[in-house]
Every structure is written in structure tokens, then in C-alpha cells.
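Here the structure is laid out as C-alpha cells; the discussion comes afterwards.
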């Protein structure tokens with residue numbers, strides 16, 4: 005200890021509990037008397053838990069760093085710092101992955117220094133990445149150089165981001181076992197080092213494993229003095245303060261020399277200087293206490309005042325990123341509450357932080373308050389005890405003050421004490437008076453005076469505050485005159501009433517029914533001077549809708565400055581809705597199904613309504629005539645027939661809805677009445693086959709009339725997968741083609757899966773018909789009841805054998821038989837066309853070849869849809885006179 009000047013170094017600092025050294029080693033006795041109470045975030049990487057084995061090596065290393073200064077055992081280099089023990093050893097073996105995991109763990113848990121008294125002679129990319137990660141988080145990493153008296157590189161000590169430590173003996177010579185080489189950064193005593201061991205014992209150990217924690221302890225002391233230093237800055241201080249033992253400057257034996265704790269601390273800059281300010285302060289209301297200090301660049305600075313630790317009374321400098329240099333602040337004696345502080349001792353606190361570490365400086369300031377207390381409040385008030393239980397008057401003070409408040413009449417005769425020697429500590433306060441005298445009697449109307457006096461905590465008296473109070477209980481006078489009777493709604497905002505006033509008041513005005521139900525608030529607490537107030541109304545209620553015709557009145561609530569309220573009602577007046585009636589309806593009505601149909605329209609006001617259906621200028625049917633209808637939604641019904649009771653033919657007709665009010669205002673709404681009873685008939689096959697390739701995916705269908713046609717394809721789950729764009733089609737035969745591709749762009753497999761097609765046909769009148777069919781090769785069309793094939797030989801010659809077909813259909817159909825050599829379309833030998841009649845058709849085809857043939861049977865329905873089936877002579881089931889159902 006004396007060799008590295010520890011006793012003198014401890015005079016500067018014994019370390020800070022805010023600094024943590026991670027010991028990545030073989031475990032530590034965490035309850036050792038010299039280590040107890042300083043263990044944080046222990047972790048066993050091998051077992052993945054927080055229990056740590058008590059290993060001799062790790063316990064010895066931890067003691068060198070941070071053993072407590074007490075009446076027993078040893079003292080560590082930095083006895084006040086924390087230890088984060090991390091075990092990476094299983095027996096005497098530690099793996100790269102576990103060491104790397106421990107390094108990352110230590111960095112993530114907030115370690116400031118990592119000590120690794122371990123290593124091997126093989127480079128590890130895992131350890132290198134972990135070390136870079138920890139270094140990037142501001143961790144100083146220190147490792148033992150090894151004990152084989154060689155210049156071979158031991159890792160992790162030889163990694164660029166690690167401080168490699170060699171060992172010296174008690175004569176400042178290189179220890180006989182210590183490794184050396186161009187990767188050595190610094191050296192420290194490592195021979196016969198006395199430290200902690202498991203079982204709460206102590207003993208000597210030697211090795212660079214003992215030298216490394218000496219350097220780690222000194223690094224912890226440096227960071228205790230200035231936790232904002234970067235790893236590069238700490239390493240630079242260690243190097244420049246080390247005692248040079250051999251060649252000047254750096255050498256392979258000692259690096260930059262043997263560590264010197266005292267010089268290292270002497271060369272460590274403080275993160276900030278002491279606070280420069282007076283230790284006493286007497287605020288007067290015009291002066292300030294000035295303060296200054298120098299703070300390290302890159303930190304965030306805060307300055308505030310405390311009285312009880314942890315309770316901020318005044319923020320002087322809000323958190324501010326500092327670029328280095330002098331910080332100045334001033335305090336006028338006020339607290340954040342806005343009040344001047346009472347006499348007493350206060351703590352001036354400066355806080356520096358970099359987000360990870362925080363440093364505080366404090367200074368005690370004795371404050372003597374000589375500020376004169378002030379009471380600030382309004383000079384006058386008007387009050388009606390009939391309207392309000394109490395008069396509440398606000399006032400502000402500038403410091404803790406004892407307040408008294410008394411009421412006097414206009415002759416300065418005492419009336420009542422409303423507040424007696426109450427100590428108030430908030431800036432904004434209030435005084436209440438209930439309008440009674442000291443005997444509890446209501447005072448008479450007239451002028452009164454409130455006198456508020458106060459004494460500050462410093463025994464200095466405040467200047468009295470005087471408030472003139474006018475007590476008035478007489479309700480304000482008001483008169484309402486109608487400006488329009490009857491009131492005629494015409495869609496505009498117009499003058500409605502006049503209110504005559506004799507003083508300045510606030511008015512809330514309503515329109516109400518003659519029964520008193522309020523329908524509209526015209527104004528709310530609007531201020532008017534004495535004279536006439538003209539109010540306007542457009543005839544709408546609070547919901548923005550016009551009110552119904554009827555009897556109404558106006559009601560005003562007039563409030564004076566004292567709070568007295570007079571409610572006045574006008575004469576009842578009639579309201580007439582003179583707006584033009586308006587009919588709103590859709591442009592097109594459609595009648596699509598026989599029976600009665602309902603059609604909706606709206607009216608802006610009640611009216612007599614007539615409804616007609618026309619064909620050009622000719623009236624076809626009068627549905628309603630002069631029928632009374634209310635405001636809002638209405639409807640009429642029609643059976644699609646003319647005046648004579650005949651159902652109208654499909655086509656475009658017109659409707660006319662005429663509304664007339666009692667003031668002979670009319671409005672006509674017209675539009676189209678579409679008769680569309682006859683639907684589009686779609687004739688299409690319930691089942692179609694999809695073949696792709698040369699056969700395509702055509703589906704033929706027939707329309708009964710011109711229509712806009714869209715086709716949709718669905719899969720077996722009824723999900724739409726393709727839409728074939730709508731197009732106008734003529735009545736008669738049409739077709740669409742599906743290529744097997746879905747809207748998403750990929751190909752499906754209609755040849756083997758089941759799909760559905762839907763044809764949607766809409767005629768010019770808007771009637772739509774949908775037809776759904778199945779796309780599959782697994783089912784026959786519904787008109788094909790059965791088709792059976794079998795062969796009959798002619799003597800012993802297969803060449804003259806006959807192909808026999810028995811086909812049962814429910815409608816006339818065309819069938820084409822193709823004969824091919826080899827398998828499927830290799831060479832067409834023959835083609836025969838047969839017209840099949842309804843019922844069973846027997847067909848016999850004589851083959852004329854010794855070659856094996858392949859047959860294709862093609863049916864075409866009456867729309868032109870094709871259905872294809874195959875017969876393969878190579879199939880053994882056809883070699884005999886066996887009747888076989890033909891397959892697709």
C-alpha cells in the first residue's frame with residue numbers, strides 16, 4: 005500500500021458508493037466481513053442465477069479492490085466502492101462465450117470498471133465484440149497480462165480496448181512470473197499480496213491476477229473523484245501518473261510504469277469547482293445572491309435550493325446541457341411558490357449528470373428575511389347577500405404573513421372581524437364575508453370598507469389593503485318590447501325584441517313556448533350598458549332546427565354587478581313559418597316488384613302534398629292529393645298501376661311531389677319513376693368443365709335482353725378470387741373466358757379443384773339477375789344422365805373390334821368422337837360427329853387399326869359449352885366386353 009501512496013490517496017478519496025467494479029472471475033464470498041454490504045447485481049453465468057460460489061481467486065481479487073477499512077483484515081484500494089461479482093468458471097475452466105456474456109452483463113448493469121484476472125493465449129472475436137460494447141458504454145476494462153514470463157499475448161488483456169497489467173515485486177522490479185511485451189499498458193504490485201479468502205479468512209497470493217485489481221481499484225478512485233471521465237481519459241491519467249521504472253516512457257516490462265494512486269488522483273480533474281457565493285443572504289426585495297462554479301463539458305447542470313433534503317423549494321437553473329466553463333446563477337430569495345423564503349438555513353445544490361453518473365455539490369446559506377410583506381387585492385367590490393351566501397375576495401402576499409381583516413361601514417364604524425391573525429403560506433388566498441355584522445344580522449344596503457392588515461414572519465408590518473364594498477340587494481329594472489308580432493320565420497336572422505335597462509348588467513335571454521318550455525337560448529351572460537339592448541332570432545331552436553308554428557314568449561334574466569337577478573317575460577306572440585316549403589327526394593325511384601312499394605321524401609315544414617306519376621306531360625296516376633304531411637321524413641305507397649288499375653309496362657316514367665303551405669307557397673320536386681318488373685333472364689350451364697390449353701376456359705350463356713354483365717369467380721370456400729370486368733352484352737348468345745388466373749396474379753388449378761362462377765346481368769332499368777354455376781371436371785352436366793363404353797371383338801382380330809357407346813341424354817346434343825394413335829393427340833386417325841336425340845343413344849364405332857388407339861369424346865350442349873371425356877385402350881378395363889362408365 006505505501007509503495008503506491010495509498011494512505012495519502014485516501015486523504016483525497018476512499019471511493020464512492022456510486023462507483024461499481026465488476027469482478028469477472030471465479031466467484032466471491034459475498035458475506036465476507038470485509039466485503040459484506042458492498043455487493044451489487046451478482047450473477048453466475050454458468051448457472052444463470054444470482055447465487056455466487058465463494059471461490060478463493062475471485063474473493064482475493066475483490067478484497068484487493070474494495071475490502072472495507074475496519075478493525076480487522078485488510079483494506080482495499082477503493083474501500084467505499086461497490087463490487088459486482090460475476091462467476092464465469094466451471095471448476096478451473098472458463099469459456100469465451102461465458103466471459104463475453106459476463107462483460108455484456110456488467111456493462112448493462114451499470115458497472116464503471118471491469119476487472120478480469122483471467123485469460124488465454126487465443127484471440128476471441130466474441131470477447132473482442134463484448135469488450136467494444138462495454139467500452140462504448142463508458143466502462144473501463146482492466147485485465148491481467150499473464151503469469152508465464154513470456155511476451156506471448158494473453159487475451160482479453162491484449163485486446164486494444166483493455167488495459168493490460170503486468171506485475172511488480174516489492175522492490176519495483178518485474179515479478180519473475182509476469183508476462184511482458186508490446187501489449188503491456190501499466191504495472192502494479194502483484195507479489196505476496198494479502199487479501200480476503202473464503203471462510204472469512206485472509207492469505208497471500210501472487211500473480212498478475214493480483215496486480216490487475218490494484219489498477220482497477222485506482223481506476224475506481226479516479227472515477228469516484230470524477231465519474232464523467234471517459235475510458236480513454238482514465239487510461240491517460242493512469243499512464244501519465246505512473247512511476248517510470250525502466251526505460252523512459254513506455255517499455256515492454258512495465259508499460260508506462262508502476263501505478264501511483266496519489267499522483268493519479270492529483271492529476272484527476274474535478275467535475276466541478278466548489279460553489280462560489282456568500283454564506284449569508286439578506287433579501288430586501290431588490291437584491292440577489294450571486295453564485296458561480298465551473299462545470300465539466302458535456303454534463304447537464306441543474307441548480308436549486310433545498311431546506312429539507314430531497315425537497316426542492318426553488319429552481320435556479322433548469323437542467324441544461326453544458327459546454328464547459330463558468331456557470332452563474334442568482335437567487336432573489338423567492339421560492340417556486342412565489343413567496344419570499346422565511347429566515348433560516350437553506351442548501352444551495354448543484355447537480356451534474358451525464359445520464360449514467362451524477363455528482364452533487366452543496367453549500368449552506370443562512371437567509372435573513374428583511375423584505376417588507378405586501379398584501380395586494382382589488383380596490384372595490386359589489387355584493388348582494390340575497391344572491392350569494394358569501395362575498396369572496398382574493399388577495400396575494402409576497403411571504404408567509406399573519407393576516408387580520410375587519411369590515412367598517414361608511415361612517416368608519418366597526419361592523420365585523422372576518423379574519424383574525426391567520427398565518428397564510430400560499431401566494432394567492434381569499435377572504436370571505438357573509439354580509440352580516442358581529443351580531444349575525446344582515447347589514448343594510450350601502451357602502452362598507454374591508455381593511456386587511458398583515459405582519460410578516462420577520463415581524464415587519466405590511467401596508468394595509470382597503471377594499472370598498474357596495475352592498476346592494478335591489479334587483480335591476482328591465483322592460484321587454486316585442487319588435488315583431490307575429491314573428492315570421494323567413495330563413496333570416498332578424499330583430500326580435502328590445503330590452504330597456506337602467507344600469508350596466510349581464511343578460512341571459514331565451515325563447516320559450518307560451519307554456520314556459522325553453523326552446524332557444526339567444527344570449528348567455530352578455531354584458532350591456534344602461535340603455536336599449538336589441539336581440540335577434542332566426543326561428544331556430546337550440547338544436548338548429550326551425551320551431552313549429554304556435555304561441556311563444558321571450559324571457560330575460562338580468563343580473564347586476566352585485567349578483568341580483570330580475571326575470572322578465574314578454575307578451576305572448578304568434579310565430580308563423582313563412583318559409584317556402586321544400587321537398588327533398590332522390591333523383592330516381594324504382595318499382596321492381598309487383599305489390600305495393602314505399603317511397604320516402606322529406607319536408608322542411610308542414611304542407612299539403614300531392615303526388616303524381618307521369619309519362620311525359622301526361623298524368624298516369626295521382627297517388628295522393630292535398631294530403632297533410634309533417635316536417636321531416638314522409639312516404640307514399642304505390643302499386644305500380646295507372647288510374648285505370650292497369651299495371652304499367654317497364655320503362656322510364658316521372659314523379660312529381662307538390663307541397664303547398666297555408667300561405668300558398670308551393671314547391672315541386674320531380675324525378676324518374678322507373679318501372680322495372682321484367683328481370684334479365686340468364687340461361688347458363690349449372691356445371692361446366694375447365695380444360696385450359698387448346699380447349700380454353702370459355703363458358704357460353706344466353707341473355708333475354710341487353711344487359712351489363714360482370715362475371716365473378718369463387719373458390720370452394722366461397723371466397724371471390726377473380727372479377728372479370730363488366731361489359732355491355734346484347735340479348736342472345738354470349739360467352740366469357742377464364743384463364744385460370746386470380747386477381748392476385750397467380751394461376752389456380754381448375755382442372756383438379758372445384759370453383760364457382762357467378763354471372764351478374766343488369767338491364768338498363770337497373771334490374772339485376774345473378775346465375776351461379778360450378779366449374780369442375782368431376783361431375784357430368786345435368787343433361788348427361790349416363791354414358792357407357794365397351795368393346796366387342798370381331799372374330800380373332802382386334803383390328804376389327806368395335807367401340808360401343810350407350811349415351812343417355814335429356815336434351816338433343818352434338819357428340820364428336822376422335823380416334824388417335826398413341827397417347828392423347830399424337831395422331832388423329834378419324835373423327836365422327838353424332839347428333840344425339842333425347843333418350844338413350846346406341847353408337848358403334850369400328851376401329852381399323854392394329855395400333856393401340858386413344859379416343860376423345862366431345863359433347864357440346866345447346867349453348868355451345870364443351871364437355872370432354874377420354875377412353876384409353878391401354879386401360880385393362882377396356883380389354884374385355886365390360887361396360888365401363890366413361891371418365892373425364
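Residue numbers (the numbering used here): 5 to 892. Glycine included, C-beta positions come from ideal geometry on N, C-alpha and C.
- Here residue 547 is exposed: its Cβ has fewer than 16 other Cβ atoms, across all protein chains shown, within 10 Å.
- Beta bridge pairing from DSSP links residue 561 with 512, 571.
- Shown here, residue 374 sits in coil according to DSSP, grouped into three states, outside any helix or strand.
- For residue 11, the secondary structure class from DSSP, reduced to helix, strand or coil, is helix.
- The Cβ atoms of residue 658 and residue 684 do not sit closer than 7 angstroms to each other.
- Rounded to the nearest whole angstrom, the C-alpha separation of residue 136 and residue 236 is 13 angstroms.
- Here the alpha carbon of residue 846 sits roughly 11 angstroms from the alpha carbon of residue 813.
- In the structure shown, the three-state DSSP call for residue 474 is strand.
- Of all alpha-carbon atoms in 464, 334, 248, 74, the one lying nearest the alpha-carbon of residue 347 is that of 464.
- As DSSP reads the structure, residue 870 sits in a beta bridge with 864.
- Within the region 768-823, the complete beta strand (DSSP E) segments at least 3 residues long are 772-779, 788-798, 801-813, listed from N- to C-terminus.
- Under DSSP, residue 850 takes part in a beta bridge, and its partners are 806.
- For residue 832, the beta-bridge partners assigned by DSSP are 824.
- DSSP links residue 397 through a beta bridge to 435.
- Residue environment analysis places residue 10 among the buried positions, since at least 16 neighbouring C-beta atoms fall within 10 angstroms of its C-beta.
- Nearest to residue 585 by C-alpha distance, out of 690, 668, 788, is 668.
- DSSP places residue 213 in the uninterrupted alpha helix (DSSP H) bounded by 212-229.
- In the three-state scheme derived from DSSP, where H, G and I count as helix and E and B as strand, residue 627 is classed as strand.
- DSSP places residue 603 in the uninterrupted beta strand (DSSP E) bounded by 601-607.
- Note that the C-beta distance between residue 422 and residue 409 is below 7 angstroms.
- Counting along the chain, residue 757 sits inside no beta strand (DSSP E), nor does DSSP assign it H or E at all.
- In terms of Cα proximity to residue 567, the closest of 487, 645, 476 is 476.
- Annotation for residue 458: the continuous beta strand (DSSP E) segment containing it runs 450-460.
- Looking at the backbone, the Cα of residue 311 and that of residue 69 are separated by about 37 angstroms.
- Each residue's CA atom was taken as its position, placing residue 161 and residue 203 some 30 angstroms apart.
- Spatial neighbours of residue 171 in its own chain (CB-CB distance under 6 angstroms, excluding positions within 5 residues in sequence) are listed in chain order as 179, 182, 194, 212, 215.
- Annotation: the continuous alpha helix (DSSP H) that includes residue 63 extends over 60-70.
- In this model, residue 260 and residue 241 are separated by some 11 angstroms (Cα to Cα).
- The criterion of a C-beta distance shorter than 7 angstroms is not satisfied by residue 471 and residue 486.
- Every unbroken stretch of the beta strand (DSSP E) spanning 3 or more residues and falling wholly within the region 650-736 is given here in chain order: 655-664, 670-679, 702-707, 711-718, 724-733.
- Residue pairing for residue 593: DSSP places it in a beta bridge opposite 677.
- Contact check for residue 317 against residue 333 fails: the beta carbons are separated by 7 angstroms or more.
- Beta bridge pairing from DSSP links residue 48 with 53, 91.
- DSSP places residue 518 in no alpha helix (DSSP H); its state is neither H nor E.
- CA-to-CA, the gap between residue 397 and residue 525 works out to about 31 angstroms.
- DSSP places residue 239 in the uninterrupted alpha helix (DSSP H) bounded by 235-245.
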